[in-house]
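Undergrad:
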Amino acid sequence: MTTRHAITAGFVPLLDSALLVVAREMGFAEEQAIDLTLVRERSWASIRDRLAVRHIDVAHILGPMPIAGNLGLNVPAPEMIVPMALGLGGNAVTVSAALWHAMAEHGATMDLDAHRNGVALRKAIDARKTAPLRFGVVHPYSGHNYELRYWLAASGIDPDRDMEILVLPPPDMGDALAGNVIDGYCAGEPWNTFGVLRRGGHLATVKAAIWRSSPEKVLGVNARWGEANPEAMAALLVALHQASLWCARPDNHEALAKLLAKSAYVGRDVELLLPALGGNLPVGGGVVQSISDFFVPNAKAATFPWKSHALWFYTQMIRWRQIEHTAERQRIAAETYRPDLYRAALKGLGIAMPSASAKVEGALTAATPVGSSGALTLGPDGFFDGGRFDPDDVEAYIASQSTG
Amino acid sequence: MKPSGLNVLVIDENRIRAAIIEEGLRDAGYDQVTVIDIMHGLARRIADLNPDVIVIDLENPNRDMLESMFQLSRAVKRPIAMFVDRSDEASIEAAVEAGVSAYIVDGLKQERVRPILKMAISRFNAFSRLNRELEETRGELENRKVIDRAKGLLMRSRGLSEDEAYALLRRTAMNQNRKIVEIAQSLVTAASLLDPGGTQ
Chain E
1 MTTRHAITAG FVPLLDSALL VVAREMGFAE EQAIDLTLVR ERSWASIRDR
51 LAVRHIDVAH ILGPMPIAGN LGLNVPAPEM IVPMALGLGG NAVTVSAALW
101 HAMAEHGATM DLDAHRNGVA LRKAIDARKT APLRFGVVHP YSGHNYELRY
151 WLAASGIDPD RDMEILVLPP PDMGDALAGN VIDGYCAGEP WNTFGVLRRG
201 GHLATVKAAI WRSSPEKVLG VNARWGEANP EAMAALLVAL HQASLWCARP
251 DNHEALAKLL AKSAYVGRDV ELLLPALGGN LPVGGGVVQS ISDFFVPNAK
301 AATFPWKSHA LWFYTQMIRW RQIEHTAERQ RIAAETYRPD LYRAALKGLG
351 IAMPSASAKV EGALTAATPV GSSGALTLGP DGFFDGGRFD PDDVEAYIAS
401 QSTG
Chain A
1 MKPSGLNVLV IDENRIRAAI IEEGLRDAGY DQVTVIDIMH GLARRIADLN
51 PDVIVIDLEN PNRDMLESMF QLSRAVKRPI AMFVDRSDEA SIEAAVEAGV
101 SAYIVDGLKQ ERVRPILKMA ISRFNAFSRL NRELEETRGE LENRKVIDRA
151 KGLLMRSRGL SEDEAYALLR RTAMNQNRKI VEIAQSLVTA ASLLDPGGTQ
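Protein chains in written order, with UniProt numbering: chain E, 1 to 404; chain A, 1 to 200.
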């Protein structure tokens, strides 16, 4: 006899909610005897609140948020664990036509090269006579905020002194850009494609160019629920793994875009969802760029919850003065991500999994076969400025960080 | 304790609900209440108003922006923390259940602001109840119309009285273990298929 599991999952209408949507709609949850209910939310704050009062058990959530919650930065947060990631990459930086024009005069190119376009942005800022630039991000504790700031700082721009970064709901970013409220934004999809195709914006660079194969959304689990329902959680991880394989197949991209386009999910046109799935993004002026690893749902251990990802997010909280470093806080951050639960849940599937729980981020310049349990390839995972993050030497990394 | 002196901001895209909350606050003696129901320029308006307490509907997509403003104390003069205190799980639950979220200026005493949240929760709940009742009434009216049309069809095609037509609908519903309105709907649909234009 199979025990059935009832699981309620929250999500925000974004492309990378795909794994949860596919787990439900393509029958992968049902195969694991899970009645998966998906609840759509319009802000990360309401995801956090509903997790706290257990309206939802698990959620599609920004990678740094469970860490911020466990560190007491974001209340009312329940204690949370992250037993799985929901893919790698998927974000981009979109700027207004006027800013792109200024950047292009200083050498910015359509290939979205993070180094060249970052330098061009700095020169455009140096030459600017009017008010400081304003850029939007989706949340203070988000990959978007950290990768945008990383890119700016490594390009010689102080994100707080040389410009202003503010938080906006992603669906409002395109309008804010068109209305000159902001000059640029870092968001997930479909909001960059929307900004370019519907609001006259231009891509400046992409997450995959700033830090290739970098962490983004994760499965956030209310720790109390996870402890009380280990079998349900393991079954969900299996369903999400199958969903990630399905999402990764190019011949499913069209069906996936149609699925996400439904009003119950992302609720936007197929043409806004397809570009990110195939990695062929409209960058502006009718030009489409093919971007390697723009969004990675399965390959390169894309769903593995690396402790080095958790720790990198933690170092950015320190860097941008959201919290001060202590050894105890570092421990809490690392322990939020749970590769042990991932391995235990998926070990029966005979798939290749990383044997380490953390890795030196930015060390792989080419795709590299790793591990002993099968064919697994990691990387390339480079930061655009050649930076490396060694999770065994967090304090040295923190000490090396500047703000601009 | 005199409730006035607190500067309360209500943010709600639903104007009716916002008005209900505002009225409740004024009745309770809060005389500095501002309502924002248009989200355009929200950040600027909050900075200008510099409220002590913010009540906002839980589903408002601007909450992430709002919370980030409170983090950066330069946007609003005083940092504002989540109203519901962490140890008070029941009140968090009641608030989320009702769809309310609230924030206060850091340092304000809980007991000074707790009545505001209580009031907001009860008004939010009253509003949802009202909405639900309206929906139900609307549904009942629709059902009544369908049943009347089905009765009319039976009266014309079978020469029945109104009471006999209703009795027939009820008997059929009981035999098939369905609702009267479902039987009536099937009849109306069938009639319109058989005789398009003839059922009006």
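Note that the Cβ used here is the ideal one computed from N, Cα and C, for glycine as well.
Buried or exposed: S308/E, going by 16 or more other Cβ atoms within 10 Å of its Cβ?
TA: Label assigned to S308/E: buried.
Undergrad: Can a CB atom of chain A be found closer than 8 Å to the CB of S263/E?
TA: By this cut-off, S263/E is not an interface position.
Undergrad: Report buried or exposed for H101/E, applying the criterion of at least 16 other Cβ atoms within 10 angstroms of its Cβ.
TA: exposed
Undergrad: Hey, would you say A102/A sits closer than 8 Å to V53/A, going by beta carbons?
TA: yes
Undergrad: With DSSP run on the structure shown, which of helix, strand or coil describes D35/E?
TA: strand
Undergrad: With T2/E and V39/E assumed to form a contact (beta carbons below 8 Å), what rounded beta-carbon distance in angstroms separates them?
TA: By a beta-carbon distance limit of 8 Å, T2/E does not contact V39/E. Their separation comes to about 25 Å.
Undergrad: Within 8 Å of any Cβ in chain A, is that where the Cβ of D49/E sits?
TA: yes
Undergrad: Check each residue of the stretch 23 to 47 of chain E: if its Cβ is closer than 7 Å to any Cβ of chain A, include it; give the result in chain order.
TA: R42, S43, W44, A45 and S46
Undergrad: Give me the Cα-Cα distance between A120/E and E361/E, rounded to the nearest whole angstrom.
TA: 26 Å
Undergrad: Counting pairs of Cβ atoms below 8 Å between the stretch 193 to 201 of chain E and the stretch 80 to 96 of chain E, do you hit three or more?
TA: Touching, per the Cβ criterion.
Undergrad: Between P282/E and the rest of its own chain, which residues show a CB-CB distance below 7 Å, the 5 nearest in sequence each way excluded?
TA: T193, V196, L197, P275 and V288
Undergrad: So who's on the other strand from F383/E, going by DSSP bridges?
TA: W211/E
Undergrad: Taking 8 Å as the threshold (C-beta atoms), are R338/E and V82/E in contact?
TA: yes
Undergrad: Ignoring anything shorter than 4 residues or poking outside the stretch 257 to 283 of chain E, list the alpha helix (DSSP H) runs there in chain order.
TA: 270 to 278
Undergrad: Taking the straight line between their C-alpha atoms, what separation do you get for K207/E and A366/E?
TA: 18 Å
Undergrad: Can you give me the start and stop residues for the beta strand (DSSP E) that F124/A sits inside?
TA: No beta strand (DSSP E) holds F124/A; the alpha helix (DSSP H) holding it covers Q110 to R158.
Undergrad: Which of the three DSSP states, helix, strand or coil, is assigned to D57/A?
TA: Three-state DSSP puts D57/A in a strand.
Undergrad: Between which two residues does the alpha helix (DSSP H) carrying S155/E extend?
TA: Where S155/E is concerned, there is no enclosing alpha helix (DSSP H), given that its DSSP letter is neither H nor E.
Undergrad: Go through its chain and collect everything with a Cβ distance to N297/E's Cβ below 6 Å, but skip five positions before and after it.
TA: The sequence as given places Pro at residue 297/E; Asn does not occur at that position. Correct list, in chain order: G87, S244, C247 and A248.
Undergrad: Where does H40/A land, buried or exposed, given buried means 16+ other C-beta within 10 angstroms?
TA: Residue environment: H40/A is assigned as exposed (fewer than 16 neighbouring CB atoms within 10 Å of its CB, all protein chains considered).
Undergrad: Can you give me the C-alpha to C-alpha distance between L6/A and I46/A, rounded to a whole angstrom?
TA: 15 Å
Undergrad: Within 10 angstroms of its Cβ, does S213/E collect 16 or more other Cβ (buried), or is it exposed?
TA: buried
Undergrad: Would you mind telling me which residues of chain A sit closer than 8 Å to V266/E, beta carbon to beta carbon, in chain order?
TA: None at all; the shortest Cβ gap to chain A is about 14 Å.
Undergrad: Where N180/E and F135/E are concerned, what is the direct C-alpha to C-alpha distance, given to the nearest angstrom?
TA: 11 Å
Undergrad: By a C-beta neighbour count over all protein chains shown, 10 Å radius and 16 as the cutoff for buried, is R26/A buried or exposed?
TA: exposed
Undergrad: By how many angstroms is the C-alpha of G285/E removed from the C-alpha of A131/E?
TA: In this structure, the CA atom of A131/E is about 26 Å from the CA atom of G285/E.
Undergrad: In chain order, what residues of the same chain have a beta carbon less than 8 Å from the beta carbon of T199/A, not counting five sequence neighbours either side?
TA: Note that T199/A scores 42 on pLDDT, short of 50, meaning its location in the model is unreliable and no value can be drawn from it.
Undergrad: In chain order, what residues of the same chain have a beta carbon less than 8 Å from the beta carbon of E164/E, not counting five sequence neighbours either side?
TA: P132, L133, R134 and F135
Undergrad: Name the DSSP bridge partner or partners of L42/A?
TA: Answer is none; L42/A lacks a bridge partner.
Undergrad: By DSSP, does Y103/A sit in helix, in strand, or in coil?
TA: strand
Undergrad: Which residues in the same chain as D37/A place their Cβ atom closer than 7 Å to its Cβ, once the five residues preceding and following it in sequence are excluded?
TA: Excluding positions up to five away in sequence, the list reads D12, E13, R15 and A18.
Undergrad: If we define contact as Cβ-Cβ less than 8 Å, is D64/A a contact residue for chain E?
TA: yes
Undergrad: Does the beta-carbon of E22/A have 16 or more other beta-carbons within 10 angstroms, so that it is buried, or is it exposed?
TA: buried
Undergrad: Could you name the residues of the same chain whose beta carbon sits closer than 6 Å to that of I210/E, not counting the 5 residues immediately before and after it, in chain order?
TA: A114, E147, W151 and F384
Undergrad: Could you check if S142/E is buried or exposed, using at least 16 other CB atoms within 10 Å of its CB as the buried criterion?
TA: buried
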